[in-house]
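Enquirer:
Residue numbers (my numbering): 1 to 205.
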């Protein structure tokens with residue numbers, strides 16, 4: 001459940017969880033009762049998704065978004081409200097808040113080209129926003145735990161002190177982990193999904 005970042009992650013999750021159901025819309029973070037100034041339809045979409053949660057009663061719910069772009073709202077209150085509504089709709093569902101993915105100032109492939117990074121091995125690239133992303137992760141972790149959910153860190157899986165994985169293994173070779181500033185490629189999504197599921201003890205098939 002989430003925005004285009006969640007849509008990117010869903011393709012990797014589906015490799016290991018074939019029954020995954022994807023409910024995503026561009027710019028619509030999984031936060032009910034929020035007035036998204038540039039996405040007038042998000043409230044209606046999130047209300048619909050909540051109805052689907054009540055209907056399907058899924059075993060697991062993954063909440064993911066480009067959290068960095070939603071700091072103009074009260075993230076803690078909005079996410080806490082969403083988790084409360086999920087608990088009302090489907091008390092048995094396990095909720096997981098997935099932290100933000102690495103973000104670069106320009107398209108990652110363009111940065112790699114400029115720095116001469118070839119697609120022939122795993123590689124890490126300096127991530128200017130990493131400090132801010134990690135600080136936001138810390139806030140999200142507290143909100144998730146306070147609301148009875150689990151927090152899954154993408155940054156801990158993909159990043160070091162000041163750089164994040166920019167190249168991952170792909171079928172027949174290697175590929176960038178993101179195709180623009182932060183949306184995951186197929187191989188990047190599968191890599192993160194594998195690491196995220198390992199955090200919750202779900203062994204990828």
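Note that beta-carbon positions come from the ideal geometry of N, C-alpha and C, so glycine has one too.
Would you say the stretch 68-85 touches the stretch 143-154, given that touching needs at least three Cβ pairs under 8 angstroms?
Expert: Touching, yes, given that three or more Cβ pairs across the two stretches are closer than 8 angstroms.
Enquirer: Enumerate in chain order the residues of its own chain whose CB-to-CB distance from residue 27 is below 6 angstroms, with the five nearest sequence positions on each side excluded.
Expert: Correct list, in chain order: 3 and 39.
Enquirer: Helix, strand or coil: how does DSSP classify residue 36 here?
Expert: Coil, per DSSP.
Enquirer: Quick one: Cα of residue 65 to Cα of residue 74, how far?
Expert: Spanning the two alpha carbons is a distance of roughly 15 angstroms.
Enquirer: Nearest CA to the CA of residue 35: which residue from 12, 71 and 15?
Expert: The shortest C-alpha separation from residue 35 is found at 71.
Enquirer: Cutting at 8 angstroms between CB atoms, please list the residues of its own chain near residue 104, excluding the five before and the five after it.
Expert: Here the set comprises 111, 125, 127, 128, 129, 178, 181 and 182.
Enquirer: Please specify which runs of the beta strand (DSSP E), each continuous and at least 3 residues long, are wholly inside the stretch 41-92, giving them in chain order.
Expert: The qualifying runs are 60-64.
Enquirer: Reducing DSSP to helix, strand and coil, say where residue 194 ends up.
Expert: It is helical.
Enquirer: Just to confirm, is the Cβ distance from residue 136 to residue 98 under 7 angstroms?
Expert: No, Cβ-Cβ distance for residue 136 and residue 98 is not below 7 angstroms.
Enquirer: In this structure, how does DSSP classify residue 157 when only helix, strand and coil are distinguished?
Expert: The answer is helix: DSSP assigns residue 157 an H, G or I state.
Enquirer: In whole angstroms, what separates the C-alpha of residue 41 from that of residue 172?
Expert: If you take the alpha carbons of residue 41 and residue 172, they lie about 41 angstroms apart.
Enquirer: Between the alpha carbons of residue 116 and residue 186, how many angstroms are there, rounded?
Expert: One C-alpha to the other measures close to 22 angstroms.
Enquirer: Measure the C-alpha to C-alpha separation of residue 68 and residue 51 and round it to an integer number of angstroms.
Expert: The alpha-carbon atoms of residue 68 and residue 51 are separated by roughly 27 angstroms.
Enquirer: Taking its Cβ as the centre, do 16 or more other Cβ atoms sit within 10 Å of residue 122, making it buried, or is it exposed?
Expert: Per the 10 Å Cβ criterion, exposed.
Enquirer: Comparing C-alpha positions only, which one of 78, 44, 176 and 37 sits nearest to residue 119?
Expert: Out of 78, 44, 176 and 37, 176 has the C-alpha closest to the C-alpha of residue 119.
Enquirer: Exposed or buried, which one is residue 61 when buried takes at least 16 other CB atoms within 10 Å?
Expert: Answer is buried; the Cβ neighbour count reaches 16.
Enquirer: Could you check how far apart the C-beta atoms of residue 10 and residue 22 are, in whole angstroms? I think they sit under 8 angstroms.
Expert: That pair is a contact at about 4 angstroms.
Enquirer: Since residue 183 is in the alpha helix (DSSP H), which residue starts that stretch and which ends it?
Expert: Run containing residue 183: none; DSSP gives neither H nor E here.
Enquirer: Could you tell me the distance, in whole angstroms, from the CA atom of residue 63 to the CA atom of residue 46?
Expert: Taking the straight line joining both Cα atoms gives about 12 angstroms.
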